[in-house]
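> The structure follows.
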Amino acid sequence: MTNNTQQARRRFLKGLGVAGAVAAAPMAAPALASSMRSDGVKWDKTVDIAIIGSGFAGLAAGIEAKRQGANNVTIFEKMPVFGGNSAINGGLYAAPATPMQKEKGVQDSVERMVADQMKAGRGIADEGLLRHVAEHAMEGLQLAIDAGAEFHPYLQQLGGHSVPRTYQTSVSCGAGITQPLLKQARKEGVETINRIKFDGFVLDKDGKVEGIKLKRGYYFGEEDSGTEFFVRATRGVIMATGGFAQNVNLRMAQDPTLTAEVGCTNAKGATGEGMFEMFRLGAIPVHMAHIQSGPWASPDEGGFGYVSNYSIFNFPHSIAINRMTGERFMNEIADRKTRADAELNCRDAEGKPLPPIMVTSWEHAKQHPNAKKVLKYGVGWKFDTLEALAKHFDVPLKPLQAQIEQYNQYVKSGVDEQFGKNMGKAKGKYIQAPFSVVRLWPKVHYCQGGVQITKEAKVLDSFTGKPIPNLFAAGEVTGGVHGVSRLGSCSIPECVVMGMTASRSIMQA
Ligand SMILES: Cc1cc2nc3c(=O)[nH]c(=O)nc-3n(C[C@H](O)[C@H](O)[C@H](O)COP(=O)(O)OP(=O)(O)OC[C@H]3O[C@@H](n4cnc5c(N)ncnc54)[C@H](O)[C@@H]3O)c2cc1C
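The sequence shown: position 323 = 1643 (our numbering), numbered continuously.
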């Protein structure tokens, strides 16, 4: 650390009100600042690496840390269960040039995957980080497979991806990866502690992260619960605390339309305080206002539910219909932002939300494991005739009939003249009775914003432009990687690869 850097960090620490005599600091000390100096701290535990958060990023970091030779590695998790959003996720994992793509004759490359993501990111994604992740995505997938994760024997082509490159766990859920990784981590000697909440950093006199302050025996929702616990991390701290989609105040500060009434797919613990503490330390906030909504969600069930995975699978060979017009209104496999914005425009004559419908031939819909469940739980419908469908959803029949005939021509010709949809996965899949239908309405899903990191997963300091010593971050808590819109199935590879990267950076330092 240079003298200038040290001085800049000391100035910032003074701003926090934690470094001795405080002169009139240009930055007011945040009222709730909880990072502190290590003078006089009695450490309850000492580890090589402290990892906060037990999702994909934290688990991959833990395993890799051990493989790189770290002795004591502990993952701290505030919730009673391990896994965070990762455990409830859809289990969809994108990687380029994979064995399954080769087997199925799909031409793909790192460059192609990065180009697809840059397009969805609308020019503000971080190309270097995306390339780093794409280059190591297969390695991350192999980590999961070696730990025991199992995948469906087919590839999916999600919105915005130019080729099929997405694997999905055979249980169609992220737990199909987090459970094997958790087991593997423990097998390799990673300690895992739950109900322990990260509460702030402990810094040495130069502003280096020396350890963390936690609340042990913490109960989520009871902020006074738990007792203070100090952990010294001799090699570094990896923040893998995930996104903040469940923090309504914070998401509304970025976008006032994202009120508590707007549905959210995330686990309750996605509240963002770990990210806040890094900002307090000087980390650079990036793209905080880019909060993604999932266009495949249903207004008829809570959270991610059964419909999301079902519609992600079926969009390529389905049509999305505006119920006012009976016509399509979007490319069903465009990137998420394009589709979510188009869905939000579907309104009745008074301007009130009128959730559009996704219409699929039952013959194809039933290939997805959730097809029967959406019917069973009343969040999907099956119709023998188009008349019955139109009547149920109050859709004008004639335009709907004409739209289906027109779309079926596109299935035949392989060219969507209306919205330019890639018809590769729709080949031979005509829209015909009996029909399966679900309603669509976007839900808050993913935070593209967070702290800025380097390709080595180092957290950058806004005051010095240099990495904050001993602080690393990986996964959804980081920002700027995906730009305006993250493509589906690109978070898991990012979390796993950057988690591994963080541990490599620490151990190779
Ligand atoms: C329903 C759903 C489906 C999704 N499907 C997919 C998909 O199929 N493919 C894909 O690529 N992406 C998907 N995503 C996105 C992806 O799951 C997330 O971006 C990813 O899981 C984030 O992983 P992470 O390790 O960064 O954080 P998380 O998995 O959220 O883990 C963070 C952990 O940190 C803990 N934590 C937070 N604060 C503290 C604290 N102060 N102290 C201690 N612990 C703390 C949390 O409780 C949590 O367990 C989905 C997201 C959701 C919500």
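We treat Cβ as the ideally placed atom computed from N, Cα and C, and that holds for glycine.
Y1766 by DSSP, collapsed to three states: which one?
strand
> From A1467 to T1498, what does the alpha carbon distance come to, in whole angstroms?
A straight line joining the alpha-carbon of A1467 with that of T1498 spans about 10 Å.
> Classify G1411 as helix, strand or coil using the three-state DSSP reduction.
coil
> Can you list, in chain order, the residues of its chain with a C-beta nearer than 6 Å to that of E1647? Leave out the 5 residues immediately preceding and following it.
P1719, Q1723
> Cα separation between R1511 and N1742?
The residue asked about is misnamed: residue 1511 is Glu in this sequence, not Arg. Computed Cα separation, rounded: 46 Å.
> Please report the distance separating the alpha-carbon of R1806 from that of R1656.
8 Å
> Examine ligand 1 and report whether any of its heavy atoms sits within less than 7 Å of the Cβ of T1585.
Yes, since a heavy atom of ligand 1 falls inside the 7 Å radius drawn around the Cβ of T1585.
> Is it right to say D1704 is buried, meaning 16 or more other beta carbons lie within 10 angstroms of its own, or is it exposed?
Result: exposed.
> Please list, in chain order, all residues of the same chain as A1385 whose beta carbon is under 6 Å from its beta carbon, the five residues on each side excluded.
I1369, V1393, S1823
> For the alpha helix (DSSP H) holding R1506, just list the boundary residues, first then last.
1495-1507
> Check the C-beta distance from S1613 over to V1758 and give it rounded, since I have them as a contact under 8 Å.
That belief does not hold up - the Cβ atoms of S1613 and V1758 are roughly 17 Å apart, past 8 Å.
> Classify C1666 as helix, strand or coil using the three-state DSSP reduction.
Three-state DSSP puts C1666 in coil, outside helix and strand.
> Is F1518 near ligand 1, with its Cβ less than 7 Å from a heavy atom?
yes
> Beta carbon of T1418: closer than 7 Å to some heavy atom of ligand 1?
no
> Can you give me the C-alpha to C-alpha distance between V1430 and M1458, rounded to a whole angstrom?
10 Å
> Out of I1383, A1445, P1416, which has the shortest C-alpha to C-alpha gap to Q1772?
A1445
> So, do the region 1588-1605 and the region 1633-1644 have three or more beta carbon pairs nearer to each other than 8 Å?
no
> Hey, could you find the ends of the alpha helix (DSSP H) D1575 is sitting in?
Taken as a continuous stretch (DSSP letters only), D1575 belongs to no alpha helix (DSSP H), as it is neither H nor E.
> Can you give me the start and stop residues for the beta strand (DSSP E) that K1517 sits inside?
Looking at the DSSP string, the run of the beta strand (DSSP E) that includes K1517 is 1516-1523.
> Between which two residues does the beta strand (DSSP E) harbouring N1640 extend?
Looking at the sequence shown, residue 1640 is not Asn but Ala. Element bounds for A1640: 1639-1642.
> Regarding E1511 and ligand 1, is the C-beta to nearest heavy atom distance less than 7 Å?
no
> Whole angstroms is fine: what's the gap from L1706's alpha carbon to M1559's?
52 Å
> So, for N1409: in the same chain, excluding its five sequence neighbours on each side, which residues have a beta-carbon less than 6 Å away from its beta-carbon?
Result list for N1409: G1494, in chain order.
> For a test of the three-state rule: what should DSSP assign to M1559, helix, strand or coil?
Note: M1559 maps to strand in three-state DSSP.
> Say whether the region 1529-1540 touches the region 1354-1368, bearing in mind that this needs 3 or more beta-carbon pairs closer than 8 Å, one atom from each stretch.
yes
> Report yes or no: do three or more beta-carbon pairs, one from the region 1370-1382 and one from the region 1789-1802, lie closer than 8 Å?
yes
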